[in-house]
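Under the numbering used here, the first residue of the sequence shown carries the number 2, and numbering increases by one thereafter.
We treat Cβ as the ideally placed atom computed from N, Cα and C, and that holds for glycine.
Please read the structure below before turning to the comments.
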Amino acid sequence: MAYLISNISEYDIWADFSMGPMQHEVAFLKEFKVLEDKANAIKLDTGISAELARMIKKWIRPGQKLAVGKQEYKTIIEKFLFSGIHYLFDEAVMEVMWGLKYLMKRYLPEETSNLSNEDRHQMSVGMKMVLDRYGFDYIKPEMVNREIIVFTRVLYECDYAVKKNAKSLRETSKPLEEISGIDCQGWDLQKLATALKVLCYPDEEIETGESEKMLSDTEVDNLVNQAPLYKGKLIGRICFIVYEDIMLADDLRTRTLKVLGSHVEKANEAYEAELVKLREKGSHIEKAQEAYEAELVKLPEKGSHVAEALEAYEAEKGSHVEEAYEAGTGSHVTEAEAAYEAETGCDVEAEAPYEAMSHL
C-alpha cells in the first residue's frame, strides 16, 4: 500500500515512477502483506477478508482517498467497508498501478516473479504518447523493457526542458513583430530561442540551416543588423540561458533517439524470435491434435475389427468345447455299458425294448 501525491498530471505519472531520484516523491511504502487466501480476499459476493479490511482501516482515515487497481475492487470496498473513504479508479490510477508494478522489483524483489504475464506486459499511456510522438508507435507492450523505459524517460525530459520555456519565449518574442515586423508565432521554439539569442549577442556565431528549427543565413543577417533596436527590450542573460537549455535538450534528444532505436530494434528482434517459437510450438500442437483426431476416427473401425475377432474367437472356442464334450460323453457311456454287461451278463441294447415297455 502506498500514499500517493495527488498533484501529478495523468500523463506525467509514469515519468516520476521511472526515474530513480523521483520515485520517493511519488510513492511511500507503508506496509506489505502476503494474503494466503488471495482468491477469497476480495470477492463481490463475500466481500473483503478480515485481514485485508484491517489493513485498509489501519492506514486510511475518513476524508482520505484510496486508489484501487480494478473497478470491481472499488465496488466491493464501497459496499462492505465503512463510509467516509473515497475510492479512486480512473486513467490516472491505472498509470499509478503501472508505476507500482515497475517499482516492485526495487521494493519487493521477492514478489516480482509472481506477477502475471498480463501485469508484466503493460505500457503506460503517458509513455506510449512519447514513443508515438517519435515514431515508435509499433512497439508492443511485450517488447517494453527497462532500457526502453529509461531512454523514453530521457526523451520526456528533453521535451519538458523545451516545453517549460514555451510561455516565456512567446511572451519575450513579442517585440520581434512590433519592431521588426516578424511574425514568429508559428516558429519552432528552438528557432525562436536562437533568434532572441542573436538579438542579445549579435557578435556570436550561430549555426544556420534550412530546417524548421534553424535560422537561415538571411534571417540571421537581418537580426544582427536590427539588434541595436532591441536594447532595453530583452534581458540577455535570460535569453542565453533559455537558448542553452533548449539546445542541450535538442542535442541530448538526438543522441537518445539513436540509443533508444537500437534498444527497440533488439527488443523487436527478440519479440519476433519469440513469436516464431510460439508459432512452431503451435504447429506441433496442431499436428498432435490432428493426429489425435485421426486416431479418434480410426477407433470405431478398430472397434469393429476387435468385435469381429472376439466373435470368431468365441465361436471357435464354443466349437472346440462342444466337440470335447461330445467326445468325452460318448466315451463314458461306452465304458458304462461295458461295465453293466460284464456285471449282469445282459446286453444293454437287447434290454432296451423291455425297459421301454415297462414305462408304458
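Where the alpha helix (DSSP H) containing K175 begins and where it ends | 175-181
Could you have a look at I247 and say whether DSSP puts it in helix, strand or coil?
-> helix
Inspect the beta-carbon positions of L216 and K192 and report whether they are closer than 9 angstroms.
-> yes
Contact between the region 237-257 and the region 198-207 (3+ Cβ pairs under 8 angstroms) | yes
C-alpha distance - I57 paired with G100, whole-angstrom precision | 21 angstroms
List the endpoints of the continuous beta strand (DSSP E) containing F29.
-> 28-30
So which of L170, E92, E287 has the shortest CA-CA distance to S125?
-> E92
Straight-line gap, Q1 to I14 (C-alpha atoms, nearest Å) | With the chain represented from 2 up to 361, any question about residue 1 goes unanswered, as that position is not in the structure.
Could you give the DSSP three-state label for I49: helix, strand or coil?
-> strand
Got a sec? Which residues, its chain only, sit under 8 angstroms from E208 by beta carbon, not counting five neighbours each side?
-> M215
Is L235 helix, strand or coil when you go by DSSP?
-> coil
Give me the Cα-Cα distance between E32 and L53, rounded to the nearest whole angstrom.
-> 12 angstroms
Within 10 angstroms of the Cβ of R147, are there 16 or more other Cβ atoms? Answer buried if so, exposed if not.
-> exposed
Would you kindly work out how many angstroms separate the C-alpha atoms of K363 and S10, rounded to a whole number?
-> The structure shown does not extend to residue 363, since the chain is modelled only from 2 to 361, so the question has no answer here.
I180, buried or exposed, once every other Cβ within 10 Å from all chains shown has been counted against 16 = exposed
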